[in-house]
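Enquirer: Here it is, the structure in full.
Below, the structure written as structure tokens:
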């Protein structure tokens, strides 16, 4: 009855997931670990009462693995998924699905070839109580039809150096997915406005940037991204609708007054803000695995769509003008509404 | 048509009032100044195109003085009012009316003897847009009948040294007046809870303190006063009613994000918070003088009542228990509803 | 390795706990249920794959019960604990420990007689991230030494009718515990100010009320309780310290603008506010059971102390004056610092 | 010594200004009125103890007029200024300076021809304490160098019908001016993104719209404008800088809790938000007139620049692409820094 999970990649985020699966999430255990660094995998395995293996296929094929979590570096996601999918086991793959459109397409093709949706993608914001509540506002009783979506995404600093393309594919990709999920429609065009660079921006790169998108129905989506904002980590999403406006800021508990200022802390990293979302995502996935039910989160198709839009955003950034976004027809495997987090 | 004002006392607050009357308030001019320090009066008079005099009666009796503003030290208010009232001119007197109940009573008696309400007392919070709006909430359509009033009053530091009695008569006296004004009724009893002293509290004194009052109808009024709060100046008033709750905090324009914290500035002094209230008060008074209409602000009787309650609060502080508050019958001169700020 | 939990009382809160243990908390299962209504127990047991029993001792003694959660009505907590403690199994008991001081004392005596701390009491606010963060502010680097603690506790309505004594023993008891936990010291005296009754208050009862306490070191603790506040559920805790002030309000995600008003939702019930605290509490307890470690939450002694203070508060309410609070010496079983929630 | 003001146009805003000048602003009086509707002018003149005239030149030339305030409909501003400027008297003209670039240019040429700056333009936001404080944040000690400016401008409804061009020239023109004033530099290009229309938008028009500008130094300025937002009036300006971020929202005094919601009121019209700014602007102008000093507010050149940018915005709206903004050389008359509001 317990879901035995194999974890591919046990760096920063992978080991955090493994610990959650072993100790926080109800109904799951961690059985097998793989990492490019075999010692790292072995050490964590010892801690968790699991074992480690030397190759990705070994992990996917293991008898004591019911499901697999992939948390390896972005650029090997696709390769590992292609190796593992034939095993026919459920996979939770960290975002992004791939770093190139071709790789993303290959995964989609493989999954479609197998005829089953095996992959849930780690867009954990869909599980965040803030975004979930925001989406619930988009009704006739709430703020009405969405007209404009304004996003703010600040990182304290760019952990791997500032490359504007990566800002789009790795950071803004969250808003790209959230916009689709909030609005239940695809983007039609995208533009990137690169303005005056902040003090930590390398020559030839831009930060902050403004991404402007239009959806098929004409909703304007803005993303103000600042990867080296320095003042803290901050995510805001404001939706202006036909009847009102709703803003998802950062929930906070403590307002402190010292030295002629009253205010709240800002987290330094995303984990503090989204820890609950990560947990709910894992639990939702484990529950679906146990129950044989559809996964409640993002599918491979969602991951593919995000990659496509991010790629177009890179083009728009380079060209300075509008770039159309056109998705190929959605395979019937991915038809039907998303399930969404269960209460 | 211009109201020529004589100003008694041109220290900190007196000179600020004089400048407002001369340059900000419409329809007023400053004609004559008096100060215990004649040089200070003469210097400001030169700036304002006014003249200075050596005695208070001279000022009250001057032909070029239509009205008088008293902003001298607290403990000479009563004496100066008694000297000046016989001149029959309108007076705006800074709070408090007096520092002892006997002195306050003497002013009341003099005014009653003259048969005219000549004095408006400087409880400028009654003109503050925040308190005005808060009072408007106390209706059947708003928060309903008031049940509990919670006040927070923080000073950054006690400018003249910390003496708990003065905290009550000079600082908490604002909340004592506001409670009466908000609730339109008198207090019935008062108690002071003196707890653990803050680090800047001299031996034998207490700071912070909690003042608890009950009105005639049973409304509980709390005042958390902290004269050496250090973190800034802050005034909050929260009214819990039979249908809801309204809080008057400090309006603020700027929210700043730096160094992992998001917040707003707190003013260092009361002037920043209540500058508009001071202005509206002056203008309301000048307008009433010009129009021969009743003053829109606090009367001598209001000042007297505040002094009485403050005196009882001092007793309660000393005794540690409840002290009844009983006002003598209100002279018919002060009958009728307050006029209040005009829109 | 899985902790098999028996649940005593499966009404509102008991069934919620049972579902959490079965489906949300990692490492736990629900094996046996008891309820005064055997049909209710049997129905839930069927849902959870558990079984139900007809008596409390049967449940405590069952071989397939490793630990027991007590969520029956307040007034049978003590009786059931006395029946069950001899089984020597860990117990998580909903607050309060008992409704009379004598009953609370009997539980303490029984536990001391057994020589082991078996009971964790359900003061789940100690697990709430808001309170946890608030406590972290009480340092020399934060707001300094605590001087005044102001609590606001509003219930939308009193679910079982308004009886002021119950307001104190069942509702304010949360703040009584939190004050001890925040300040790490005992109360020295308590007073209750009963003011003007709100519109839903029965004759002879009072609501809202103001509870004022002083701790051994002189910290003033206020609790403004309003059991029929109608406008929503709200919990605020503001600590004024020697260097600043910290306020724990209600965290919120969505600010909505419609019809000339901008604001946030207030939850209707406490569950919305404290769901996470309940979960963390359960998980902390299960983990401690599995690991044979000290429980991270409130002990029986904490429950006893809360009962004593609540009893004194009732007396103070009746007498209108100060009532001293004196705890008997703390048994050595309860010596040592609290463990507190683990990160 | 009193400044006698003639007022051209006494509709909504003109009569409000006239009343302020007569009764609120210190040092001013209203002497002569003109309106296209002579009865309206005569009626207000009777109220204020002034007189009315039948032509604009009569008013400008009158011996009892020291200065003129123009508050007529937008499209006659330029014509009236051209008629009146030869009189050589100071003018406070409501924004916009003109509704076409040619008209705006004609005023500039006339003023330059006279060799004196006679006109202050009514961009009263420069006097708003919120914007003043926001500008003060743009320092090395504050949020550093400005990088992105995000504006939100919501009107409850479009009072004269929704025409997107007018949204730009009459509504967004405020942000166009504020951006120049905040950043102390000119715009280099502008684009308008017209998305999904709200429910009250006539066919062929767009609302909401997103205006994106780039300044000479590369600062990105966004304006999210919604003329029929329905939910209330709201103005927000957020500046992201090299060291942090500052947001000017709407100051508010009262937070109200009723019916499971806690929030603040939004004003229905701009007057509630900017009343103080209007007052400060008038007073600053009167003071400058009395003192023979440079006006502290916007000049004709500022008005001209705003008209140019608004015109380019209209073009960008129509073309869907970027439109360059190029101002002609600034006449030496307008050289030197702005004076700005005096404390």
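Chains as they are written, first to last, in this note's numbering: chain A, 26 to 368; chain B, 26 to 368; chain C, 26 to 368; chain D, 26 to 368.
Just so it is clear, CB atoms sit at the ideal spot from N, CA and C, and this is done for glycine as well.
Values in this document were obtained by computation on a predicted structure and should not be read as measured data.
Any Cβ of chain C within less than 7 angstroms of the Cβ of residue 221 of chain B?
Expert: Position 196 of the second chain holds residue 221 of chain B. Yes, its Cβ sits closer than 7 angstroms to a Cβ of chain C.
Enquirer: Can you tell me whether residue 169 of chain A is buried or exposed? The criterion is at least 16 other CB atoms within 10 Å of its CB, across all chains shown.
Expert: For the purposes of this step, residue 169 of chain A is taken as residue 144 along the first chain, with counting starting at 1. Counting Cβ neighbours within 10 Å, residue 169 of chain A comes out buried, since at least 16 surround it.
Enquirer: When the Cα atoms are used, what is the spatial distance from residue 66 of chain C to residue 97 of chain A?
Expert: Residue numbering aside, residue 66 of chain C sits at position 41 when the third chain is read from its first letter. Residue numbering aside, residue 97 of chain A sits at position 72 when the first chain is read from its first letter. Approximately 47 angstroms between the Cα atoms of the pair.
Enquirer: Can a CB atom of chain C be found closer than 7 angstroms to the CB of residue 140 of chain B?
Expert: The residue you call residue 140 of chain B lines up with position 115 of the second chain. No, no contact with chain C.
Enquirer: What residue from B:190, B:183 and B:243 has the CA that sits closest to residue 210 of chain B's CA?
Expert: Here residue 210 of chain B refers to the residue found at position 185 of the second chain. Out of B:190, B:183 and B:243, B:243 has the C-alpha closest to the C-alpha of residue 210 of chain B.
Enquirer: With the cut-off set at 7 angstroms, would you say residue 107 of chain B and residue 135 of chain B are in Cβ contact?
Expert: The count along the second chain starts at 1 and reaches residue 107 of chain B at position 82. The count along the second chain starts at 1 and reaches residue 135 of chain B at position 110. Yes. Within cutoff.
Enquirer: Is it the case that the segment 221-231 of chain C contacts the segment 193-208 of chain C, given that we only count it when at least three CB pairs across the two stretches are under 8 angstroms?
Expert: With a cut-off of 8 angstroms, the segment 221-231 of chain C and the segment 193-208 of chain C do not count as touching, because too few Cβ pairs lie within range.
Enquirer: Can you tell me the Cα-Cα spacing of residue 167 of chain C and residue 221 of chain B, whole angstroms?
Expert: Here residue 167 of chain C refers to the residue found at position 142 when the third chain is read from its first residue. Here residue 221 of chain B refers to the residue found at position 196 when the second chain is read from its first residue. Straight-line Cα distance between these residues: approximately 18 angstroms.
Enquirer: Could you tell me whether the segment 332-342 of chain A touches the segment 54-61 of chain B, using the rule of 3 or more Cβ pairs below 8 angstroms?
Expert: Touching, no.
Enquirer: When you compare the CB of residue 269 of chain B with every CB in chain C, is at least one pair closer than 7 angstroms?
Expert: Walking along the second chain from the start, residue 269 of chain B turns up at place 244. Interface residue, yes.
Enquirer: Given that a residue counts as buried once 16 or more other Cβ atoms are within 10 Å of its Cβ, and exposed if not, what is residue 223 of chain C?
Expert: The residue you call residue 223 of chain C lines up with position 198 of the third chain. So residue 223 of chain C ends up on the buried side.
Enquirer: Is residue 185 of chain B near the ligand COA, in the sense that its beta carbon is under 6 angstroms from a heavy atom of that ligand?
Expert: Of the ligands one can find in the structure shown there are none, so the ligand COA has no counterpart to examine.
Enquirer: Quick one: residues in its chain with C-beta nearer than 7 angstroms to the C-beta of residue 27 of chain B, no 5 flanking neighbours on either side, listed in chain order?
Expert: Indexing the second chain from 1 puts residue 27 of chain B at position 2. 52, 53 and 54, listed in sequence order.
Enquirer: From which residue to which residue does the beta strand (DSSP E) around residue 176 of chain A run?
Expert: Here residue 176 of chain A refers to the residue found at position 151 of the first chain. Looking at the DSSP string, the run of the beta strand (DSSP E) that includes residue 176 of chain A is 171-179.
Enquirer: Go ahead and pull the three-state DSSP assignment for residue 349 of chain D.
Expert: Here residue 349 of chain D is taken as the residue at index 324 of the fourth chain, counted from 1. If DSSP states are grouped into helix, strand and coil, residue 349 of chain D belongs with the strands.
Enquirer: Considering only their Cβ atoms, is the gap separating residue 237 of chain C from residue 218 of chain B smaller than 7 angstroms?
Expert: Position 193 of the second chain, counted from the first residue, corresponds to residue 218 of chain B. Position 212 of the third chain, counted from the first residue, corresponds to residue 237 of chain C. Contact flag set, yes.
Enquirer: Can you tell me whether residue 234 of chain D is helix, strand or coil according to DSSP?
Expert: Counted from its first residue, the fourth chain places residue 234 of chain D at position 209. DSSP places residue 234 of chain D in strand when its eight states are reduced to three.
Enquirer: Can the beta-carbon of residue 92 of chain C be found less than 7 angstroms from the beta-carbon of residue 114 of chain C?
Expert: Position 67 of the third chain, counted from the first residue, corresponds to residue 92 of chain C. Position 89 of the third chain, counted from the first residue, corresponds to residue 114 of chain C. Taking 7 angstroms as the Cβ cut-off, residue 92 of chain C and residue 114 of chain C qualify as a contacting pair.
Enquirer: Just to confirm the assignment, what range does the beta strand (DSSP E) spanning residue 55 of chain A have?
Expert: Here residue 55 of chain A is taken as the residue at index 30 of the first chain, counted from 1. Counting along the chain, the beta strand (DSSP E) containing residue 55 of chain A begins and ends at 53-59.
Enquirer: Run through DSSP, which three-state label would residue 332 of chain B get?
Expert: Residue 332 of chain B sits at position 307 when you count from the first residue of the second chain. Residue 332 of chain B: helix per DSSP, three-state reduction.
Enquirer: Are the C-beta of residue 97 of chain C and some C-beta of chain A separated by less than 7 angstroms?
Expert: Here residue 97 of chain C is taken as the residue at index 72 of the third chain, counted from 1. Residue 97 of chain C does not count as touching chain A.
Enquirer: Does any residue of chain B have a CB that is nearer than 7 angstroms to the CB of residue 174 of chain C?
Expert: If you number the third chain from 1, residue 174 of chain C lands on position 149. No, because no Cβ of chain B sits closer than 7 angstroms to the Cβ of residue 174 of chain C.
Enquirer: How big is the Cα-Cα spacing for residue 368 of chain A and residue 312 of chain A?
Expert: Looking up residue 368 of chain A in the first chain gives position 343. Looking up residue 312 of chain A in the first chain gives position 287. For residue 368 of chain A, the pLDDT reaches just 48, beneath the cut-off of 50, and the residue's location in the model is therefore unreliable, leaving the point undetermined.
Enquirer: Ignore the nearest five residues each way along the sequence and tell me which others in residue 304 of chain C's own chain have a CB closer than 8 angstroms to its CB.
Expert: What you label residue 304 of chain C is simply residue 279 of the third chain in a count that begins at 1. Same-chain partners within the cutoff: 45, 49 and 50.
Enquirer: Any residues in the segment 43-54 of chain A with a beta carbon nearer than 7 angstroms to a beta carbon of chain C? Which ones, in chain order?
Expert: So the close ones are 48, 49, 50 and 51.
Enquirer: Considering only the alpha carbon of each residue, which of B:185, B:333 and B:358 lies closest to residue 214 of chain B?
Expert: In the second chain, residue 214 of chain B corresponds to position 189, counting from 1. Per the Cα distances, B:333.
Enquirer: Per DSSP, what kind of secondary structure is residue 31 of chain A in: helix, strand or coil?
Expert: On the first chain, residue 31 of chain A is found 6 positions in, with the first residue counted as 1. The answer is strand: DSSP assigns residue 31 of chain A an E or B state.
Enquirer: Under a Cβ-count criterion, where at least 16 other Cβ atoms within 10 Å of its own Cβ denotes burial, should residue 189 of chain D be classed as buried or exposed?
Expert: Counting from one through the fourth chain, the residue named residue 189 of chain D turns up at place 164. Residue 189 of chain D comes out buried.
Enquirer: Which same chain residues, not among the five before or five after residue 192 of chain B, have their C-beta less than 8 angstroms away from its C-beta?
Expert: Against the second chain, residue 192 of chain B aligns to sequence position 167. For residue 192 of chain B, where only same-chain residues beyond five positions count, the Cβ hits under 8 angstroms are 183, 232, 234, 250 and 252.
Enquirer: Considering Cα atoms alone, identify which of B:317, B:159 and B:123 is closest to residue 325 of chain B.
Expert: Numbered from 1 along the second chain, position 300 holds the residue referred to as residue 325 of chain B. Minimum Cα distance to residue 325 of chain B is reached at B:123.
Enquirer: Got a sec? Which residues, its chain only, sit under 8 angstroms from residue 187 of chain A by beta carbon, not counting five neighbours each side?
Expert: By one-based count along the first chain, residue 187 of chain A stands at place 162. These residues qualify, in order along the chain: 225, 226, 227, 230, 232, 252 and 253.
Enquirer: By a C-beta neighbour count over all protein chains shown, 10 Å radius and 16 as the cutoff for buried, is residue 37 of chain C buried or exposed?
Expert: Stepping through the third chain from its first residue, residue 37 of chain C is reached at position 12. Exposed, because fewer than 16 other Cβ atoms sit within 10 Å of the Cβ of residue 37 of chain C.
Enquirer: Let me see if you follow: with CB-CB separation under 7 angstroms, is residue 237 of chain B close to chain C or not?
Expert: Translated into positions along the second chain, residue 237 of chain B becomes position 212. Output row for residue 237 of chain B: interface = yes.
Enquirer: Taking 7 angstroms as the CB-CB limit, is residue 212 of chain D close to chain A?
Expert: Stepping through the fourth chain from its first residue, residue 212 of chain D is reached at position 187. By this cut-off, residue 212 of chain D is not an interface position.
Enquirer: Quick one: what's got a C-beta closer than 6 angstroms to residue 269 of chain A's C-beta in the same chain, skipping five residues either side?
Expert: Stepping through the first chain from its first residue, residue 269 of chain A is reached at position 244. These residues qualify, in order along the chain: 168.
Enquirer: Is residue 153 of chain C near residue 302 of chain C, with beta carbons less than 7 angstroms apart?
Expert: Here residue 153 of chain C refers to the residue found at position 128 when the third chain is read from its first residue. Here residue 302 of chain C refers to the residue found at position 277 when the third chain is read from its first residue. Contact flag set, yes.
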